[in-house]
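A.B. asks: Sharing a structure with you now.
Residue numbers (the working numbering), protein chains in the order written: chain L, 15 to 529; chain Y, 31 to 526; chain R, 51 to 734; chain U, 8 to 108.
This is the structure in structure tokens:
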């Protein structure tokens with residue numbers, strides 16, 4: 015197929031249009047259409063995986079079309095080892111998300127239309143190679159998200175929705191400025207491939223108000239991405255949005271949307287501002303550390319299960335930041351330690367994917383219990399293990415995966431991150447290993463309070479997790495397990511791209527030239 | 031060009047004049063209830079005018095001995111004016127407010143107003159500047175106070191007339207000083223004279239610049255000359271509010287661009303990529319500060335409003351601020367950005383106002399609470415209003431984003447000394463999300479979902495809204511035709 | 051002699067068979083006949099068989115330097131590679147047999163002991179998981195896979211301790227076990243990272259070579275060693291992370307025997323044995339002190355415990371301390387020897403206690419007494435007549451642990467004490483280590499015989515219960531008999547028959563490796579010293595052991611002294627010991643609670659302060675604004691803007707809004723003022 | 008006596024008076040008169056510059072136009088004020104302030 019990537023991106027829009035023509039009382043049909051469309055999308059990504067050439071570190075399946083020549087805006091798509099896992103993750107979670115939302119009965123038509131629109135936006139960001147296109151997709155996600163939280167969310171949904179919207183918009187307008195600054199300083203193009211080559215040279219030594227242009231652009235982009243990750247101190251929208259959003263949206267939010275920030279940093283900051291990487295790596299690691307510890311401590315104190323899981327996302331994304339920072343190990347000033355750089359970066363990318371599957375699983379499971387008990391107060395349960403053994407088993411799997419138990423993919427990525435970052439950031443890594451203790455503490459404590467202890471009479475007739483719900487959790491659990499036992503399929507996929515990325519950061523970035 | 035020769039290039043205005051006359055005469059012939067039919071005459075005239083404008087070709091020449099210029103730049107604005115006038119007239123059919131009045135006059139005044147705006151966008155002589163502004167103002171006073179029995183409308187027109195007269199008076203004083211310094215009323219001669227003046231006359235020049243700015247600032251409602259705007263916008267009939275927020279503003283910007291760049295520019299204005307202020311007059315810095323102040327004040331106060339109409343009034347101040355960002359840059363891309371912004375602003379702002387008019391007539395109010403759960407009751411209106419709100423905020427993939435994008439792009443292109451302005455603008459657009467999305471919130475997030483769906487009662491309304499919505503959406507991701515049009519129109523009379 | 055490929059195959063089978071049993075039982079166990087216990091038992095028996103074949107082939111081979119390694123590339127990013135693999139040498143083989151043997155016994159024992167449990171199939175599944183992970187540790191050839199299985203062992207321990215999760219105490223204990231272990235694991239992982247950073251490999255052999263080449267030396271090496279040792283501290287329940295093991299007795303008793311006595315907790319010792327060549331002398335000193343102190347310290351707690359399993363638990367901690375001490379003084383073969391012998395007699399003791407508890411439980415159940423604690427020795431007494439097999443096997447095991455000649459414990463303990471003595475001879479400044487060692491030996495005899503006397507001798511404390519006590523079924527007693535048999539010296543000294551020397555197949559086949567740290571003593575030098583100290587140590591240990599046993603005899607058998615009055619006389623010390631030196635209480639008060647408070651404070655800071663008032667200053671400004679304006683009518687949107695910046699914006703907006711007075715002339719005045727301000731600024 | 012500065016001086020005074028009147032008078036008609044003063048100040052300028060600058064007739068033409076437009080504006084303004092009086096029964100512009108904030 016020639017336009018495979020375009021199909022993957024625009025298929026949901028097609029579905030959205032189809033849904034628009036279905037009368038709104040035929041809610042089953044609407045759900046089926048949504049399921050079919052995201053199913054086909056998933057199949058397409060699997061097909062893409064089959065024909066994807068893992069040995070190539072550059073972009074594949076490139077598409078290029080004239081768009082607005084007067085401003086050098088082009089429609090460019092492409093996929094590489096960095097974006098493919100994310101595309102797959104989105105397709106998978108998008109597909110699962112449809113089934114997670116099967117119980118939605120309020121304005122089904124609107125819900126699934128927006129859901130598919132969101133899908134397109136996210137896919138677009140991962141596949142766009144034109145900065146303008148990238149930005150459009152980046153923003154397209156916001157509005158569906160606002161509605162999905164605001165209409166189908168919990169009691170504080172309006173507040174949560176607007177907060178999410180404002181936070182992210184504030185970040186993205188700064189990003190827009192940075193994009194334009196890059197455009198005008200680096201040869202008037204939005205083509206990322208060109209910018210990756212011209213930006214490091216063009217920005218070299220440029221000063222704005224006495225500040226290095228690289229630093230300014232880096233910080234602008236970073237804030238835009240950091241809000242999405244979210245990096246402390248831009249994280250406060252996250253617990254709220256998660257708590258208020260309907261389950262499927264929490265799943266997508268945690269599973270995919272948070273990755274956009276990291277993806278953006280790796281795709282843009284790292285390639286276009288390699289000098290900035292060296293300048294900022296320390297701060298990145300420190301922020302990662304704060305995320306890890308702060309997120310874990312907040313999670314430890316939560317009484318709302320969903321909020322706990324939300325803070326665990328803050329905590330987990332912190333590891334990713336630490337891993338990313340390890341890329342500087344490969345520079346000459348850090349002793350050409352390519353091993354560390356690969357471990358750290360590989361760990362970071364792997365952690366992104368793993369957090370996607372694991373947190374999605376966690377949120378689905380939180381949704382399952384919320385649907386039944388209509389509350390999420392950790393202390394309000396107790397002894398559920400006896401009443402819902404299968405559910406308990408899945409929560410146990412998800413929690414253990416979340417706390418980084420070997421055998422689950424999260425362990426490998428966290429271990430790689432620590433190993434990779436250790437040579438460069440010894441103290442930070444040592445303190446952040448405390449995070450793995452805290453991880454275990456908050457997960458196990460919550461697990462004990464919910465499932466252990468004498469059976470709670472109140473929940474005697476709580477129905478066990480049903481087939482549909484199992485269908486949503488099992489694939490994620492299986493992926494987590496398989497990759498936890500044998501991570502080669504994933505790591506081989508990203509390996510070539512990762513090495514290209516590390517090489518470009520290290521060879522183009524140097525500490526001395528730019529500042 | 032002599033007066034007679036000029037007429038050959040003056041077809042649009044001539045047709046418009048005839049339209050005005052026809053409208054006045056037709057009004058005399060109709061009975062009170064039927065006077066609304068005048069609108070069709072006017073619409074026909076406007077269509078002919080539009081045709082004439084488009085046929086006019088791309089000639090660039092001064093007409094009537096250098097009073098007005100005929101160039102694609104002014105044609106561009108003329109099209110905008112005609113479009114907004116026609117749309118407002120169409121929407122007026124459905125206005126509840128006008129029902130109690132004889133409306134024939136209303137339409138003829140609108141066409142006179144358009145004529146004034148035509149003059150404004152093509153004026154290259156300060157006499158014509160004053161004349162045009164006065165024509166526009168006086169007609170606006172009429173229209174603002176058209177609802178004779180409505181005290182608010184009265185109050186609006188009183189405030190408008192006094193504030194208008196006051197600011198045009200100050201502007202006139204400034205123009206008189208400028209006349210004294212240069213001894214001419216023609217833009218290009220003035221520019222020449224100023225560039226040969228020594229720096230000792232800078233004080234007087236600054237005085238005149240500031241005084242002139244009072245008049246222009248009043249027209250585009252820039253801070254601190256914006257105070258009339260909310261009150262007048264709120265009191266006027268909503269159709270007129272919509273019109274005032276678009277057409278005169280567009281014309282005001284055309285005038286500002288022409289006047290400031292060609293009189294206070296360094297003589298290479300519009301011909302080179304970017305240029306400097308004549309004698310290093312500090313007006314660009316002034317303009318930048320005013321732009322920042324304008325959008326900030328507009329946005330912050332808009333947050334506070336409980337009436338959607340008044341909110342839109344303040345938001346129009348904010349939009350003026352965004353456009354003003356591009357003025358101090360003195361670059362082609364800045365002017366370009368303003369032109370693009372004006373086109374998309376026309377569609378989205380008129381759209382928002384027209385939805386408001388429709389909601390007024392259906393629900394009976396114009397506060398946020400009147401929009402409660404509207405999105406469920408009238409999905410068509412809800413979706414369109416959402417589109418307009420999102421576009422006004424400047425989110426892709428709507429036209430509003432493209433407008434902002436070009437403005438920001440021009441600011442960034444101008445170099446790092448204006449980055450702060452881009453920051454202020456960017457953060458302001460975040461703030462603007464607060465109140466735009468509030469409308470959406472009331473439409474969808476508040477109140478019960480209703481099972482019954484209402485479709486717009488009038489096909490005309492549906493048509494007009496769709497006409498506005500399509501470009502608002504399409505230009506968001508396919509703006510090639512738009513930029514091409516602006517590109518072709520970017521030919522400005524440069525003096526002899 | 052087995053072919054190399056076959057060894058690999060055997061090892062993989064040994065490793066994965068229990069995992070297969072786990073998978074089968076967890077998914078379909080409930081639906082299988084007998085809830086699938088035969089799957090697990092079958093799997094573990096095959097495992098045992100295979101292990102024994104390996105053992106026999108080791109005997110036949112008789113090569114002390116036998117070593118076999120197989121690797122599988124697991125992660126390969128170009129430069130960054132991790133290869134998983136198995137490494138089989140004689141230590142591995144012996145350990146495999148220990149694990150398989152004790153695990154098989156546990157499987158068999160549990161058939162009766164766990165009969166009728168509601169989660170019978172899961173219990174067996176978890177046992178399989180444990181055996182799998184434990185074998186993984188044993189077979190690991192690199193730190194990374196070691197760490198992986200290390201954690202998995204922790205999880206199976208978590209699951210099994212929490213088997214009866216309806217009990218809050220069990221749930222608490224399982225969590226405590228996992229978390230306390232994680233504390234140690236953090237250190238372990240830091241150690242791994244330090245090693246990897248310096249040597250760029252996880253493979254043991256690479257690490258030894260690297261250290262030998264001096265890629266890592268000095269303080270860094272010591273630090274890495276201590277960090278790695280942290281893992282052992284957690285897993286082997288050494289001071290100060292010893293708190294979890296006694297609580298872990300909340301799990302079913304067979305589990306305690308298998309994991310919390312014989313194998314899992316010994317993993318820490320196994321780790322230090324495996325990594326011995328990496329430890330610098332300074333690190334070893336630290337290890338020795340931790341081990342020695344734990345040995346004595348835990349023994350003093352065991353004296354006063356009344357719960358039969360708690361006594362055994364502290365005894366385990368103490369014995370593990372011994373092993374660690376042995377590693378610390380360099381005699382790590384002795385440590386491994388003690389691991390082996392200890393596994394047998396301690397498992398036997400635990401099964402014995404399980405048998406007693408089982409009997410107590412049933413008897414209590416028959417008389418409908420659900421309040422009496424079936425594990426409290428104060429409710430027992432005189433059981434020797436009713437449970438002869440249990441009595442005799444436990445007695446044998448007790449003799450072994452107390453270090454009485456003819457029993458295995460005597461040999462291994464003697465080797466450790468000899469090593470310690472030799473170490474102290476060379477380093478007189480470390481005299482304390484010898485005191486730890488011999489002191490613990492004395493106390494061990496005392497409390498172990500106290501246990502025997504209180505349980506099996508004297509008059510029954512609760513006659514009603516006593517009536518219902520009877521011997522346990524065969525499936526439970528057979529393992530007891532087997533393990534008691536394995537507590538005799540004979541099995542370890544074959545083919546020699548000298549009960550006073552540990553010279554036998556074990557010492558022949560398990561040879562100490564030289565330390566990889568340049569400048570350390572060689573294995574031969576250490577062996578020489580140990581040999582030298584052999585006889586004095588033996589004499590001393592015999593004296594202290596008989597002292598302890600004698601005292602216990604006087605106190606609890608002859609009742610010459612009243613334990614009660616002595617405990618009163620010792621007052622404060624007694625209380626300290628009874629309450630385990632208040633470690634749990636102090637950890638709770640000074641560690642857990644403050645940390646929980648801190649995290650609550652952080653969460654409050656995050657959510658209620660930071661989030662609500664984006665920056666405090668902004669918030670304050672906003673409040674002032676709101677006071678000034680005085681009429682903040684918050685409607686929907688205003689509520690939305692609770693963030694400080696938002697509020698400040700609102701405040702600003704409100705102030706600005708007030709300029710819109712509605713009075714035309716104000717407007718014009720503002721405009722004029724604007725003009726004047728602009729003019730002033732422009733002309734300046 | 009007959010110098011440009013004198014005219015300009017008068018013009019400035021007129022302008023200031025006009026501003027003062029516009030800002031301070033409460034009567035709508037009086038405010039309008041203030042506006043007229045401003046316009047006339049400008050007119051005076053135009054004429055004076057045209058006369059003393061030795062320039063062409065542009066200034067005069069300009070002044071004529073201003074006079075005409077001022078008249079038109081005043082007519083409209085007065086009509087509006089009449090309307091206000093009909094609705095509010097006052098022409099005190101301070102009291103016509105329902106639209107605010």
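Positions of the beta carbon are idealized from the N, C-alpha and C atoms, including for glycine.
Can you list, in chain order, the residues of its chain whose CB lies under 6 angstroms from that of residue 155(R), leaving out five sequence neighbours each side?
C.D. replies: 529.
A.B. asks: Does the ligand ADP have a heavy atom nearer than 8 angstroms to the CB of residue 443(R)?
C.D. replies: The model depicted lacks the ligand ADP and carries no ligand whatsoever.
A.B. asks: Give a yes or no on whether the minimum CB-CB distance between residue 127(R) and chain L is below 9 angstroms.
C.D. replies: With 9 angstroms as the cut-off, residue 127(R) counts as an interface residue toward chain L.
A.B. asks: Is it buried or exposed for residue 43(Y), if we count other Cβ within 10 angstroms and need 16 for buried?
C.D. replies: buried
A.B. asks: Look at the alpha carbon of residue 391(Y) and the alpha carbon of residue 190(Y), and state the distance between them as a whole number of angstroms.
C.D. replies: 26 angstroms
A.B. asks: By Cβ distance below 7 angstroms, which residues in the same chain neighbour residue 252(L) in space, the five residues on each side in sequence not counted?
C.D. replies: 244, 324, 327, 328
A.B. asks: From residue 37(Y) to residue 173(Y), what does the alpha carbon distance come to, in whole angstroms?
C.D. replies: 30 angstroms
A.B. asks: If you measure between the beta carbons of residue 75(U) and residue 50(U), is that distance less than 9 angstroms?
C.D. replies: no
A.B. asks: The region 68-101 of chain U: which residues have C-beta closer than 7 angstroms to a C-beta of chain R, in chain order?
C.D. replies: 100, 101
A.B. asks: Please list, in chain order, the chain U residues whose beta carbon lies closer than 7 angstroms to that of residue 724(R).
C.D. replies: For residue 724(R), none of the residues of chain U pass the 7 angstroms Cβ criterion, the least Cβ distance being about 13 angstroms.
A.B. asks: Does any C-beta atom of chain Y lie closer than 9 angstroms to the C-beta of residue 118(U)?
C.D. replies: Outside the displayed range of chain U (8 to 108) lies residue 118(U), so it cannot be described from this structure.
A.B. asks: List, in chain order, every chain Y residue whose beta-carbon is nearer than 9 angstroms to that of residue 103(U).
C.D. replies: 181, 184, 185, 188, 189
A.B. asks: Counting only beta-carbon atoms, is residue 45(U) nearer than 9 angstroms to chain Y?
C.D. replies: yes
A.B. asks: Mind the definition here: the region 472-492 of chain R touches the region 590-607 of chain R only if three or more C-beta pairs lie below 8 angstroms; say whether that holds.
C.D. replies: Contact between the region 472-492 of chain R and the region 590-607 of chain R is present, because at least three Cβ pairs lie under 8 angstroms.
A.B. asks: May I ask which residues mark the beginning and end of the alpha helix (DSSP H) holding residue 462(L)?
C.D. replies: Run containing residue 462(L): 440-465, per the alpha helix (DSSP H) assignment.
A.B. asks: Could you confirm whether any beta carbon from chain R is found closer than 9 angstroms to the beta carbon of residue 200(L)?
C.D. replies: no
A.B. asks: Please tell me whether residue 115(Y) has its Cβ less than 9 angstroms away from any Cβ of chain A.
C.D. replies: No chain A is present in this structure, whose protein chains are L, Y, R and U.
A.B. asks: Per DSSP, what kind of secondary structure is residue 296(Y) in: helix, strand or coil?
C.D. replies: In the structure shown, residue 296(Y) sits in coil (DSSP, three-state: anything other than H, G, I, E or B).
A.B. asks: Comparing the C-beta of residue 12(U) with each C-beta of chain Y, is any distance below 9 angstroms?
C.D. replies: no
A.B. asks: If you run the structure through DSSP and keep just helix, strand and coil, what is residue 39(L)?
C.D. replies: If DSSP states are grouped into helix, strand and coil, residue 39(L) belongs with coil.
A.B. asks: Quick one: is residue 247(Y) near chain U, going by C-beta distance under 9 angstroms?
C.D. replies: no
A.B. asks: Excluding the five sequence neighbours on either side, which residues of its own chain have a C-beta within less than 7 angstroms of the C-beta of residue 70(U), listed in chain order?
C.D. replies: In the same chain as residue 70(U), and ignoring 5 residues on each side of it, the C-beta atoms closer than 7 angstroms to its own belong to 50, 53, 54, in chain order.
A.B. asks: Put residue 120(R) into one of helix, strand or coil per three-state DSSP.
C.D. replies: strand
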